[in-house]
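> For reference, the structure I am asking about is given below.
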Amino acid sequence: MAGEKEIEGAIPTDEDLIERFQNGDLYAFDLIVKRYKDQLLNFVYRFLNNQEQAEDIVQETFLRVYRNRHAYRRVAKFSTWIYTIAGNLARTELRKRKRRRLFSLSDIGIENKDYEISSDDFNPEAHVDTLLHDKVIQREINRLSPKFREVIILRDIQNLSYEEIATILRVPIGTVKSRVNRARLRLQERLKKLL
Amino acid sequence: MANCNRISDLFSEYVENDLSRDDAAKVQAHLAACPSCKERVDQLTALRQRLTGMHQIKTTDDFDLVLRARIQMSKKIGRPTLLPQFFYNRPPLFSYAMATAAVLLLVFAGSMMLSPQGDTSRNSANPSPYTFSKSQLTFPFDRVRPAAGGLKRPASSDTAKDFTQPAKTSVVELAGADSTAEQDARRQRARRAMKKYVIPVSF
Ligand SMILES: [Zn+2]
Chain A
152 MAGEKEIEGA IPTDEDLIER FQNGDLYAFD LIVKRYKDQL LNFVYRFLNN
202 QEQAEDIVQE TFLRVYRNRH AYRRVAKFST WIYTIAGNLA RTELRKRKRR
252 RLFSLSDIGI ENKDYEISSD DFNPEAHVDT LLHDKVIQRE INRLSPKFRE
302 VIILRDIQNL SYEEIATILR VPIGTVKSRV NRARLRLQER LKKLL
Chain B
294 MANCNRISDL FSEYVENDLS RDDAAKVQAH LAACPSCKER VDQLTALRQR
344 LTGMHQIKTT DDFDLVLRAR IQMSKKIGRP TLLPQFFYNR PPLFSYAMAT
394 AAVLLLVFAG SMMLSPQGDT SRNSANPSPY TFSKSQLTFP FDRVRPAAGG
444 LKRPASSDTA KDFTQPAKTS VVELAGADST AEQDARRQRA RRAMKKYVIP
494 VSF
């Protein structure tokens with residue numbers, strides 16, 4: 152069984168997994184989901200500032216990976232491919248928001264889900280503090296235009312390389328760097344008191 | 294100072310140690326002479342740390358369950374199921390397709406909720422926590438089996454050992470719960486998760 156082989160062998164790369172999935176190994180898809188769901192969730196969540204919608208979009212991302220698995224070619228890194236899909240979906244969502252009044256699921260009586268926050272050593276006071284600051288930072292991130300917002304999230308929150316970000320956004324590396332620089336300077340300007 | 298603006302183009306790469314030696318020296322020289330830029334760079338460094346340290350959220354426990362349902366659903370209706378798109382960008386006939394799919398999903402979800410204790414007698418030495426029969430669920434998780442010691446949350450999410458352990462999904466929980474109260478609560482949650490994707494039909 153594929154799952155057992157992995158105990159002894161090296162950890163399969165993303166590219167190995169998607170190839171296995173392309174060849175019919177559904178278990179490999181599970182592993183992909185497991186590897187990427189939280190990472191993508193945080194990316195989309197920071198971008199849209201709505202957890203429920205972010206989860207929805209991450210699901211759609213995986214659904215598209217599932218359905219379009221044969222469109223993936225090994226020339227590209229899998230991570231940039233899946234980020235591109237998620238990013239496009241998130242951006243589309245943002246554009247739609249502009250065109251309409253934001254529809255919220257709570258409007259039709261669906262309660263909010265509880266989202267747990269991961270923290271290794273839990274210190275209540277510091278925790279509350281961090282959350283408050285995070286909120287302020289998040290608000291400022293959302294005041295950035297989408298172009299600046301996405302680069303700052305990918306670079307500083309998600310720690311992707313400039314090369315990866317350039318591939319995901321399909322813009323030259325120089326452009327990514329200058330956007331990151333401008334986004335940081337703007338945030339620094341607005342968050343002075345916090346820093 | 295006159296060239297503060299121009300030199301600030303390099304700040305970002307400076308705090309990342311990503312500048313050529315020449316450029317880095319240029320920035321350093323400027324910072325030594327310009328307190329306001331020095332402060333700015335210090336704050337940029339702090340900002341980076343803040344951003345990197347922002348709290349991470351996790352997907353809800355229902356995530357895998359709902360994803361599987363959506364995949365099943367999309368197989369039946371042959372198109373993606375993104376909720377907002379359905380709401381806001383509805384092509385003709387799509388609502389009909391969605392209604393059909395929702396009914397299918399209801400049936401599908403219903404059958405799962407009503408019979409969470411599937412056939413475990415098949416392999417009593419290593420009973421599968423995935424109690425849905427193949428006809429109910431053809432999608433993956435049935436190949437992920439728990440370790441003999443039971444269901445533990447893996448320490449790291451990306452180790453090889455990890456792969457043999459199931460994620461903490463509600464599917465696992467549905468079948469693995471001991472008390473019926475717990476089981477009911479979990480079923481309730483799963484049902485709610487499903488409802489989320491069924492409700493749009495009424496629109
Ligand atoms: Zn200066």
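Protein chains in written order, with the working numbering: chain A, 152 to 346; chain B, 294 to 496. Each residue gets a CB set at the ideal place from its N, CA and C atoms; glycine is no exception. All of these numbers come straight from a predicted model, not from anything done at the bench.
Tell me which residue opens and which closes the alpha helix (DSSP H) that A348/A is part of.
There is simply no residue 348/A to check, as chain A begins at 152 and stops at 346 in what is shown.
> Could you name the residues of chain A that L360/B contacts, counting a contact when the two beta carbons are closer than 8 Å?
Residue numbering aside, residue 360/B sits at position 67 when the second sequence is read from its first letter. Per Cβ cutoff of 8 Å: V184, Q210, F213, L214.
> Quick check: is the beta carbon of H323/B nearer than 8 Å to any beta carbon in chain A?
Indexing the second sequence from 1 puts residue 323/B at position 30. Cβ-Cβ to chain A under 8 Å: no for H323/B.
> According to DSSP, is I350/B helix, strand or coil?
Locating residue 350/B in the second sequence gives position 57, where the first residue counts as 1. Strand, per DSSP.
> So, is the C-beta of D315/B closer than 8 Å to a C-beta in chain A?
Within the second sequence, numbered from 1, the residue matching residue 315/B stands at position 22. No, its Cβ sits nowhere closer than 8 Å to a Cβ of chain A.
> Indicate whether L295/A and A334/A have their beta-carbon atoms separated by less than 8 Å.
What you label residue 295/A is simply residue 144 of the first sequence in a count that begins at 1. What you label residue 334/A is simply residue 183 of the first sequence in a count that begins at 1. Contact annotation: L295/A and A334/A have beta-carbon atoms nearer than 8 Å.
> Any residues in the segment 279-292 of chain A with a beta carbon nearer than 9 Å to a beta carbon of chain B? Which ones, in chain order?
T281, L282, H284, D285, I288, Q289, I292
> Of all the options D355/B, R361/B, D354/B, T353/B, which has the alpha carbon lying nearest to the alpha carbon of L214/A?
Here residue 214/A corresponds to residue number 63 of the first sequence, with the count starting at 1. Comparing Cα-Cα distances from L214/A to each of D355/B, R361/B, D354/B, T353/B, the minimum goes to R361/B.
> Whose C-beta lies closer than 7 Å to the C-beta of N200/A among residues of the same chain, with five residues either side of it excluded?
For the purposes of this step, residue 200/A is identified with residue 49 of the first sequence, where counting begins at 1. Answer for N200/A: Q289, N293, listed in chain order.
> Under 8 Å Cβ to Cβ from Q309/A, same chain only, skipping five residues before and after it: list those, please.
Your numbering for residue 309/A matches position 158 in the first sequence. Q190, N193, F194.
> Between S329/B and ligand 1, is there a pair consisting of the residue's CB and a ligand heavy atom that are separated by less than 7 Å?
If you number the second sequence from 1, residue 329/B lands on position 36. With a threshold of 7 Å, the Cβ atom of S329/B counts as near ligand 1, since some heavy atom of the ligand is closer than that.
> Only counting the same chain, and skipping five residues up and downstream in sequence, which positions put a Cβ closer than 8 Å to that of T338/B?
Position 45 of the second sequence, counted from the first residue, corresponds to residue 338/B. Within the same chain, T338/B has close Cβ partners V308.
> Going by other Cβ atoms of all chains shown within 10 Å of its Cβ, with 16 needed for buried, is K286/A buried or exposed?
Working through the first sequence from its first residue, we reach residue 286/A at position 135. So K286/A counts as exposed.
> Compare the C-alpha of H221/A against each of F180/A, S329/A, I208/A, K188/A and name the closest.
Numbered from 1 along the first sequence, position 70 holds the residue referred to as residue 221/A. Nearest of F180/A, S329/A, I208/A, K188/A to H221/A, Cα basis: F180/A.
> Would you verify that the beta carbon of D167/A is, or is not, closer than 8 Å to some beta carbon of chain B?
Taking the first residue of the first sequence as position 1, residue 167/A is located at position 16. For D167/A, the answer is no, since every Cβ of chain B falls outside 8 Å of its Cβ.
> Hey, could you find the ends of the alpha helix (DSSP H) K228/A is sitting in?
The count along the first sequence starts at 1 and reaches residue 228/A at position 77. Run containing K228/A: none; DSSP gives neither H nor E here.
> What would DSSP say about Q336/B, mapped onto helix, strand or coil?
The count along the second sequence starts at 1 and reaches residue 336/B at position 43. Three-state DSSP puts Q336/B in a helix.
> Quick one: is N239/A near chain B, going by C-beta distance under 8 Å?
Position 88 of the first sequence, counted from the first residue, corresponds to residue 239/A. No - not a single Cβ of chain B is within 8 Å of the one on N239/A.
> Taking 7 Å as the cut-off, is the beta-carbon of H323/B closer than that to any non-hydrogen atom of ligand 1?
For the purposes of this step, residue 323/B is taken as the residue at position 30 of the second sequence. Result yes, Cβ under 7 Å from ligand 1.
> What residue range does the alpha helix (DSSP H) around C297/B cover?
To locate residue 297/B, count along the second sequence from 1; it is residue 4. Note, C297/B: alpha helix (DSSP H), 297-300.
> Which residues, in chain order, does the segment 317-328 of chain A contribute to contact with chain B at a C-beta distance below 9 Å?
K328
> Helix or strand or just coil, what does DSSP make of E306/B?
As a working mapping, residue 306/B is identified with position 13 in the second sequence. In this structure, E306/B counts as helix in the three-state DSSP scheme.
> Please compile the residues from chain B whose C-beta is within a distance smaller than 8 Å of the C-beta of Q339/A.
By one-based count along the first sequence, residue 339/A stands at place 188. Those are R333, Q336, L337, L340, listed as they occur along chain B.
> I'd like to know if I350/B contacts chain A, where contact means its C-beta is closer than 8 Å to some C-beta of that chain.
Indexing the second sequence from 1 puts residue 350/B at position 57. Answer yes: the Cβ-Cβ gap between I350/B and chain A drops below 8 Å somewhere.
> Looking at C-alpha atoms only, which residue of T231/A, R337/A, I162/A is the closest neighbour of S312/A?
By one-based count along the first sequence, residue 312/A stands at place 161. Ranking T231/A, R337/A, I162/A by Cα distance to S312/A puts T231/A first.
> Do the CB positions of R218/A and S329/B come within less than 8 Å of each other?
The residue given as residue 218/A occupies position 67 in the first sequence. The residue given as residue 329/B occupies position 36 in the second sequence. No; because the gap between Cβ atoms is not below 8 Å, this pair is not in contact.
> Would you say S329/B reaches chain A, if we count a Cβ-Cβ gap shorter than 8 Å as a contact?
As a position in the second sequence, residue 329/B is number 36, starting the count at 1. So, not an interface residue.
> So, with DSSP's three-state summary, where would you put A317/B?
Reading the second sequence from its first residue, position 24 is the one you call residue 317/B. DSSP places A317/B in helix when its eight states are reduced to three.
> Please confirm whether I300/B has its beta-carbon closer than 8 Å to some beta-carbon of chain A.
Counted from its first residue, the second sequence places residue 300/B at position 7. I300/B does not count as touching chain A.
> Using the Cα positions of N332/A and A317/A, report the straight-line distance between them to the nearest angstrom.
Taking the first residue of the first sequence as position 1, residue 332/A is located at position 181. Taking the first residue of the first sequence as position 1, residue 317/A is located at position 166. One C-alpha to the other measures close to 14 Å.
> Have a look at S301/B and R341/A and give me their C-alpha separation to the nearest angstrom.
Along the second sequence, read from residue 1 onward, the residue named residue 301/B stands at position 8. Along the first sequence, read from residue 1 onward, the residue named residue 341/A stands at position 190. Each residue's alpha carbon lies about 16 Å from the other.
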